[in-house]
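Counting from 48, one number per residue, gives the positions in the sequence shown under the numbering used here. Idealized CB from N, CA, C, for every residue including glycine. Keep in mind the model is a prediction, meaning the values are calculated, not measured.
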Amino acid sequence: MSGGFGAHRLHPPSLAQAVSAKQPVFWSNPNWRTLSEAATDAALGLADVRDAEARWQRFGGLLEILFPELRASAGLIESQLYPVDAFRQALTDDGSSATGRWFVKADHELPVAGSIKARGGIYEVLVHAERLALGSGWIQAEDDPCVLATPRLRECFARHRVAVGSTGNLGLSIGIAAAALGFRATVHMSSDAKAWKKIRLRARGVEVVEHEGDFGAAVAAGREQTAHDAHAYFVDDENSRELFLGYSVAALRLRKQLADLRIEIDAGRPLCVYLPCGVGGAPGGITFGLRHLLGDHVHCFFAEPLASPCMLLRLAQTDDADVSVRDFGLDNRTAADGLAVARASQFVAPLMRPLVSGVFTVADDQLFEDLYRLERSEGLRIEPSAAAALRGPMRLRQALRDADCTPGRIRATDIEPATHVLWTTGGTFVPEEEYREFHERGRMLFHSVA
Ligand SMILES: *Cc1c(COP(=O)(O)O)cnc(C)c1O
């Protein structure tokens, strides 16, 4: 299209204007395919998801030693699935009705890291530690992973560094896990990272390097510094297979939770999952796992802030080229610090092309209002990024009323009996004072609209 957006062609073309004008949009993915249509090259598949789950299981004992808070769960890092009927009703007070069964997948309560990053970040650090120890001859393949927590191994790890670039939560997850094993840890933080996250990391002996730029700049700086250090390992959030697989295991866990509730997923009873999206690793890994496990009757939708719709722009392009939200005049500034990403992961975006049903964008004010509604109705405390998914079912319903919008080929009648899962991705560790501010902003907005 001519005029302002360079070489980027979007489908539909009208999307460019709406995105640039910061209007909330709901985009239905024209490249969605059934699993059998999607040419699944064997590079990555369900076997890799199961393999990652097996590895998590093997690490259970080690995790219990490293993190006493995991003793009650025998080293399992998992979140609850809460029914949220009160929230559903709170959203539909205005007379409109919302049907189906609604749940919150409460990753905001995940132990150790307090966010969805516990799934990917801790996994990648453990995998790296074991590989390093094996490769260096410090352990043998048949050794129990618990040896990784012995003083002898700690001494070895202390000569090595683990580094990462982050808007905050991935840094917390990687920094905490790496420090627990005895690694030297460096977290490159973007300018939007919260002060309390830096304080929390420094208290654990993690080196925090602050950068003026955004997420991409922090990652680039970390990658660059680590490249010159033979004893350093960089967790690359723009390109990591291990993060992706660590996240993907959530699909197996969610399927089990739904089965325990006797919730069936099939053509007449689809599952709709709404996931806040930053660089794409967490929602991408989970979507990958869910589509491969549950097939074509699970519909995953990503939620992004108005100022940072990097995955939307990437997937809506007709030619799948790299793109920055800045190419569309956006500044990547949002109160959803966990989602403040200008470019989608190069690794994840192409994988999502046939798998994700759609992407929608959410105004910052809406995040606070919904954060407040969720606390009021369900007593759950989340951070603004985690609120991005909460409008999902309403936004989908609205979109389905538009004549030719059929994300993942679902129709309006299909979602009446659907199960909706709203993924809340972070919040437990937010300090009280900080949370009060979120609450207040949400309360004011709530009363100004109600
Ligand atoms: C990181 C993060 C996400 C999104 O994960 P990506 O892998 O960056 O897409 C969502 N919510 C919160 C709270 C996060 O910290």
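Rounded straight-line distance, which links the Cα of residue j to that of residue i
i      : j      : result
Leu157 : Thr81  : 32 Å
Ser238 : Glu257 : 7 Å
Ala226 : Glu285 : 22 Å
Gly248 : Ala387 : The sequence as given places Leu at residue 248; Gly does not occur at that position. Spanning the two alpha carbons is a distance of roughly 20 Å.
Leu200 : Val131 : 45 Å
Leu337 : Gly167 : 16 Å
Arg380 : Leu308 : 40 Å
Ala532 : Leu418 : Since the displayed the chain opens at 48 and closes at 497, residue 532 lies outside it and no answer follows.
Lys152 : Val468 : 6 Å
Cys203 : Ala314 : 53 Å
Gln255 : Ala277 : In the sequence as presented, Gln is not what sits at residue 255; that position holds Val. Taking the straight line joining both Cα atoms gives about 20 Å.
Asp451 : Gln272 : 49 Å
Asp366 : Pro356 : 17 Å
Ala297 : Ser371 : 29 Å
Ala446 : Asp411 : 20 Å
Leu123 : Thr197 : 20 Å
Thr475 : Phe485 : 13 Å
Gly50  : Arg373 : Because the pLDDT at Gly50 is just 42, under 50, the model does not fix this residue reliably, and the point stays unresolved.
His155 : Glu480 : 18 Å
Ala210 : Ser162 : 19 Å
Ile310 : Asp190 : 40 Å
Gln127 : Thr472 : 12 Å
Gly147 : Arg438 : 14 Å
Val409 : Lys69  : 9 Å
Pro478 : Ser432 : 15 Å
Spatial neighbours of residue i in its chain, beta-carbon cut-off 6 Å, leaving aside the 5 residues before and after
i      : result
Lys244 : Gly215, Leu219
Lys164 : Asn216, Leu217, Ser220
Ile312 : Leu318, Leu341, His344
Arg488 : Phe415
Leu377 : Ala354
Gly405 : Trp74, Ser75, Asn76, Phe348, Pro454
Leu173 : Phe106
Leu492 : Asp412, Phe415, Glu416
Phe291 : Gly328, Gly332
Phe394 : Asn286
Gly222 : Ala232, Val234, Leu248, Val253
Tyr402 : The sequence shown places Leu at residue 402, rather than the Tyr named in the question. Cβ neighbours of Leu402 beyond the five flanking positions: Thr334, Arg338.
Ala54  : none
Val72  : Ala65, Thr408
Trp149 : Val131, Arg135, His467
Same chain, Cβ closer than 7 Å to residue i, neighbours up to 5 away in sequence not counted
i      : result
Met48  : For Met48, the pLDDT reaches just 42, beneath the cut-off of 50, and the residue's location in the model is therefore unreliable, although a value from the coordinates is still provided. Cβ neighbours of Met48 beyond the five flanking positions: Arg56, Pro60, Ala63.
Phe375 : Phe52, Ala63, Val66, Ser67, Leu360
Glu177 : Pro192, Leu195
Asp461 : Pro317
Simplified DSSP state of residue i, which is helix, strand or coil
i      : result
Val174 : helix
His275 : coil
Thr465 : Note on residue identity: the sequence assigns Ala, not Thr, to residue 465. The answer is coil: DSSP assigns Ala465 none of H, G, I, E or B.
Glu425 : helix
His207 : coil
Trp74  : strand
Arg309 : coil
Thr139 : coil
His55  : coil
Gly50  : Residue placement at Gly50 is flagged as unreliable, the pLDDT there being 42, under the threshold of 50; a coordinate-derived value is accordingly withheld.
Ala433 : helix
Leu337 : helix
Ser220 : helix
Val477 : coil
Ser238 : coil
Phe257 : Sequence check: residue 257 is Glu here, not Phe. Note: Glu257 maps to strand in three-state DSSP.
Ser183 : coil
Leu157 : coil
Lys303 : helix
Ala226 : helix
Ile457 : coil
One or two residues paired with residue i in a DSSP bridge
i      : result
Thr197 : Thr197 pairs with nothing; no bridge assigned.
Pro330 : In DSSP, Pro330 forms no bridge with anything.
Trp470 : Lys152
Phe281 : Ala210
Cys30  : What the structure shows of the chain is the stretch from 48 to 497, and residue 30 is not part of that stretch, so it cannot be assessed.
Ala232 : Val209
Val266 : According to DSSP, which records beta bridges pairwise, Val266 is partnered with nothing at all.
Ser162 : Gly473
Contacts around residue i, its chain only, beta-carbon distance under 8 Å, and the 5 residues preceding and following it disregarded
i      : result
Ala188 : Leu181
Arg444 : Ala145, Ala459, Ile462
Practice item. Give, in chain order, every unbroken run of the beta strand (DSSP E) that is at least 3 residues long and sits entirely within the stretch 345-417. Key: 345-352, 405-409
Point to revise | Ranges of the alpha helix (DSSP H) found wholly within the stretch 83-137, counting only runs of at least 4 | key: 93-105, 107-113
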